[in-house]
Amino acid sequence: MPVGRRDPMPDVTPPSFTHFMPDASPTRRPTLKDLAREAGVSLASASYAVNGNGSVGEQTRAHILAVAQRIGYRQNIVARAMKTGRSGTLALVLPDLTNPFFPALAQAVFRAARSRGHAMFLIDTEGNEALEAAALAKVTDLGVDGVVWFPIRDKDTSQGVLSRTPVVVLDRTIPGYATVGIDYVGAGRIAARHLLDAGHRRIGIISGPTDIASMRDRCDGAEVLIRAEGELAFRVSNAFSVDIEPQAQVALLRSGATAVFAAADVIAIGALRHVQSNGLHVPHDLSILGFDDIPLAEQCLPALTTIELPAEEMAERALELLEHQIVAAPPLSSAIVLLGTRIVGRSSVWPRG
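Numbering-wise, numbering that gives the first Met the number 0 puts 155 at position 156 of the sequence shown, and it's gapless, one number per residue.
Below, the structure is given as structure tokens:
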């Protein structure tokens, strides 16, 4: 066609469609108005159905939701947040996803959130307090309805950015936040009791980092009972790692202990590998008991006897506390929930005597 020439446009009246036909633009998302028109209901009924509130019959709701799925309708989170003050999203902030315990915990929290209709962001702070502070600031920028936070240590790195956000802290002791934790002193006693009942009297303890209250508590609980009914062979600390540090290496091989309580499974697995590499047999020469019940615990050889940390229950209780704060309830800054634990008996502890 020569430049400048323009054919006359035909006068065409577009047909009317009884099925859903979005705008020709491939980027346009179906709107609530599109959904209402396609479902043959009012805009209010469509809104009630997708938001799970208001007065709409169950059959009508089911019909609207089926139409929504068929046409690909998705709620606009930003618009909903502007209207209701809630985004339907939560954030889970964890300290170290290289530790096998935390991916398992994340799955439990995600399941609990999903069962309640929440979407969730996951942020790994990599054991770095600066990253943790930045992450907490970021989640408030994202406009989440609440935060489940497993701090790196017993320290508030939020710098006040969470003051208006519902928060539940997991496992750590930080004043001013609702908390879901474990009766770690009791858990330490359970660990010591299991070893003592197996006939062990000279027992060692390997703690995790001592600046974490939960580590101190579980080891204190074990130590008190060991001293009362047996003999404490040693108590040393180690990083959350399978790499056993020199002080713990010496204690494992030269203390004369017949059993060891390692206060985290990753440490217990490292201890097991270290003594095996030095010619000792687990559990006949040295029994080892861990803590957390991470997936790897039942896969190592021998399978690790350990204390189960109830991740599913922790997740459920955390979401209960968080939802209580989200639904216009008073902040639960003083709420502390302590959960119990149990022994998971496998093959790394052997009766003695």
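Cβ coordinates follow ideal geometry from the N, Cα and C atoms, glycine included.
Taking the beta carbon of D33 as the centre, do at least 16 other beta carbons fall within 10 Å, making it buried, or is it exposed?
Result: buried.
Own chain partners of L338 with C-beta closer than 8 angstroms, once the 5 adjacent residues on each side are dropped:
Counting only Cβ-Cβ distances below 8 angstroms, and skipping sequence neighbours, we find V179, G180, I181, D182, P309, E312, M313, R316.
E319 and T340: beta carbons closer than 7 angstroms?
The Cβ atoms of E319 and T340 lie no closer than 7 angstroms to each other.
If you check the beta carbons only, do H117 and L91 fall under 7 angstroms apart?
No, the Cβ-Cβ distance between H117 and L91 is not below 7 angstroms.
Buried or exposed by the 16-neighbour rule on C-beta atoms within 10 Å, applied to E131
E131 is buried by the Cβ-count criterion.
Inspect the beta-carbon positions of L169 and D123 and report whether they are closer than 7 angstroms.
No, Cβ-Cβ distance for L169 and D123 is not below 7 angstroms.
Beta-carbon proximity list for P165, same chain, < 8 angstroms, skipping 5 on both sides:
For P165, the CB contacts under 8 angstroms within the same chain, skipping 5 residues up- and downstream, are D144, G145, V146, L321, Q324, I325, P330 in chain order.
Same chain only: Cβ atoms within 6 angstroms of V184, ignoring 5 sequence neighbours per side:
So the list reads D216, G220, once near-sequence residues are dropped.
Presumed contact (8 angstroms Cβ cut-off) between A267 and I287, rounded CB distance:
Their Cβ separation, rounded to whole angstroms, is 5 angstroms, which keeps A267 and I287 in contact under 8 angstroms.
Residue ranges of each alpha helix (DSSP H) run of no fewer than 4 residues wholly in the stretch 250-308, ordered along the chain?
Fully enclosed alpha helix (DSSP H) runs of 4 or longer: 264-276.
State yes or no: is the C-beta of I173 within less than 7 angstroms of the C-beta of I202?
Contact flag unset, no.
If you follow the beta strand (DSSP E) that V138 is in, where does it begin and where does it stop?
No beta strand (DSSP E) holds V138; the alpha helix (DSSP H) holding it covers 128-140.
Residues bridged to M119 (per DSSP):
Looking at the DSSP output, M119 sits in a beta bridge with L89.
Measuring only the C-alpha atoms, how far is M81 from P294?
Its pLDDT being 44, under 50, M81 is placed unreliably in this model, and the value from its coordinates should be taken loosely. Distance between the alpha carbons of M81 and P294: 42 angstroms.
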